[in-house]
Structure formats: C-alpha cells, structure tokens
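Novice: Numbering (my numbering), first residue to last: 45 to 131.
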C-alpha cells in the first residue's frame with residue numbers, strides 16, 4: 045500500500061512468497077497491478093500440462109472466493125475494498 049501511495053502511476057508487481065489465490069488477492073488489494081506466483085505452477089508442470097491448467101483454475105477460484113467474501117465484483121473492485129487496521 046505504501047508503494048502504491050508513493051508511486052501512484054507505476055506498474056507494481058507482487059511476487060515472492062505468493063503461494064495461492066488468497067496471497068494474490070492480498071497483493072492486489074495492497075496495490076499490485078499484477079502478481080507472480082511460480083512455485084505451484086512449476087510443481088504442477090513437473091506432472092502434466094493438465095496439472096498446470098488445474099493449478100491456474102484453482103488460483104482463479106480462490107481469487108473469486110476472496111472477491112465474494114469482501115463483496116468485490118471483480119479485481120478492480122478488490123483494489124478499493126477498505127483496509128482494516130491491524131491492532
């Protein structure tokens with residue numbers, strides 16, 4: 045969120061430690077325009093092409109679930125969901 049505030053017009057990519065669609069949703073909400081998540085895809089690629097497709101489908105389902113839970117109709121709306129303070 046601080047990077048987005050400091051660089052409002054920059055393209056921000058969230059990457060590193062992003063394991064699933066929930067982590068991707070967090071990165072998007074904190075200001076990322078794109079998210080990189082490789083470990084699950086690389087693991088799936090060692091199995092089959094179908095496993096890679098299933099991995100991406102899982103991430104999409106997780107992103108949709110997060111959007112539903114926070115009442116965001118899409119990823120653009122997810123970016124505008126209010127952040128809650130950590131206490």
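Idealized CB from N, CA, C, for every residue including glycine.
Can you find the residues in the same chain that come closer than 6 Å, C-beta to C-beta, to residue 89, ignoring five residues on each side of it along the sequence?
Specialist: Excluding positions up to five away in sequence, the list reads 96.
Novice: DSSP state of residue 117, grouped into three classes?
Specialist: Coil at residue 117, not helix or strand.
Novice: Which class does residue 58 belong to by DSSP, given the choice of helix, strand or coil?
Specialist: Residue 58 falls in the strand class under three-state DSSP.
Novice: What does the alpha-carbon distance come out to for the pair residue 125 and residue 114?
Specialist: Cα-Cα distance, rounded: 7 Å.
Novice: How should residue 65 be labelled, buried or exposed, when 16 other C-beta atoms within 10 angstroms of its C-beta is the threshold for buried?
Specialist: Buried, because 16 or more other Cβ atoms sit within 10 Å of the Cβ of residue 65.
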